[in-house]
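Scroll down for the structure; my scribbles are underneath it.
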Amino acid sequence: SNRDPSPTVSLAELDHLVQIISKSHLETCQYLREELQQMSRQNFQQDEVESYQSKPREAMWQLCAVKITEAIQYVVEFAKRIDGFMDLCQNDQIVLLKAGSLEVVFVRMCRVFDSQSNSVYFDGKFAGPDVFKGLGCDDLISSVFDFAKSMCSLHLTEDELALFSAFVLLSADRSWLQEKLQVEKLQQKTQLALQHVLQKNQREHGVLSKLRCKVSALRSLCSRHTEKLSAFRAVYPDIVQTHFPPLYKELFGA
Amino acid sequence: KEKHKILHQLLQNSTSPVDL
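Top to bottom, those sequences are chains H and S. For the first sequence, my numbering assigns the number -13 to the initial residue and increments by one for each residue that follows. For the second sequence, my numbering assigns the number 569 to the initial residue and increments by one for each residue that follows.
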């Protein structure tokens, strides 16, 4: 509309942006499609599930913190390769990563999620929600699985997933941004590129609005993760302090 | 800066995912 403050961007520019962001995504996505196809779709056996369940709560938390941190390191690399991200001031780079890196991990989770068996690739095999019982966060785990399942049902291409991840990361409404306008411009361009690619892929009109709904679902998942971490830390402060990855502690204020 | 030492390092490093 006329009130739309979106920057004027040529189709060639949009195509270029799609290319850059897709390339960044593929270079930093942790598992390539080919690797995923070759990965055995083996689920954990009952005795293995029980072995995860019988781990002490703190050991399971530590294991998940390590896995999340590994995935986040790839997201940081993705961010660095997004056109314009490294031109933002350092404060804003940090703000965007602190708020958005786990959200992108949840978005990327649909690549390693099997809807049929409701399981996710974790620690070498496919794990259902019961594997994570020892964390003591059944409601959060079940919401994360539901989110992954609903992302899978959109059947996004890698291009679409790359642009949606960049869109999430470049959220201009995060608190404490110093150059909000700069971030807004980048996010608007990314949204135009996402619309462009959805149109080109002849996706139905509803996909973009479905993706917009996912943004609020992601925020809710992340704030619930923070709540669960605070509750865990209140009981096991020393475990968090001495055994959790330093990057995880920096990101989630542990 | 001290509070986000590792993030700063990661942002400044020219690492590739292979090195991660």
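Note that the Cβ used here is the ideal one computed from N, Cα and C, for glycine as well.
Asked: Beta-ladder partner(s) of residue 45(H), from DSSP; Found: BP columns for residue 45(H) are empty, so no partner.
Asked: First and last residue of the uninterrupted beta strand (DSSP E) at residue 105(H); Found: 105 to 108
Asked: Proximal residues to residue 84(H) (C-beta, below 6 Å), its chain only, five neighbours per side dropped; Found: 237
Asked: Status (buried if at least 16 other CB within 10 Å, exposed otherwise) for residue 86(H); Found: buried
Asked: Cβ-Cβ distance between residue 208(H) and residue 13(H) below 8 Å; Found: no
Asked: Euclidean distance between Cα positions of residue 146(H) and residue 0(H); Found: 13 Å
Asked: Closer than 8 Å to chain S by CB, residue 135(H); Found: no
Asked: Residues that residue 79(H) contacts on chain S, provided the C-beta gap is smaller than 7 Å; Found: 579
Asked: Validate contact between the segment 26 to 33 of chain H and the segment 110 to 117 of chain H using beta carbons, cut 8 Å, 3 pairs; Found: yes
Asked: Buried versus exposed, by CB contacts within 10 Å (16 or more), residue 96(H); Found: buried
Asked: Any C-beta of chain H under 8 Å from that of residue 588(S); Found: Only weak support is given to the placement of residue 588(S): the predicted model assigns it a pLDDT of 46, under 50, and the value that follows is read from those uncertain coordinates. Closer than 8 Å to some Cβ of chain H, the Cβ of residue 588(S) qualifies, so yes.
Asked: Buried versus exposed, by CB contacts within 10 Å (16 or more), residue 157(H); Found: buried
Asked: Cβ of residue 66(H) within 8 Å of any chain S Cβ; Found: yes
Asked: Unbroken alpha helix (DSSP H) run spanning residue 153(H), endpoints; Found: 144 to 155
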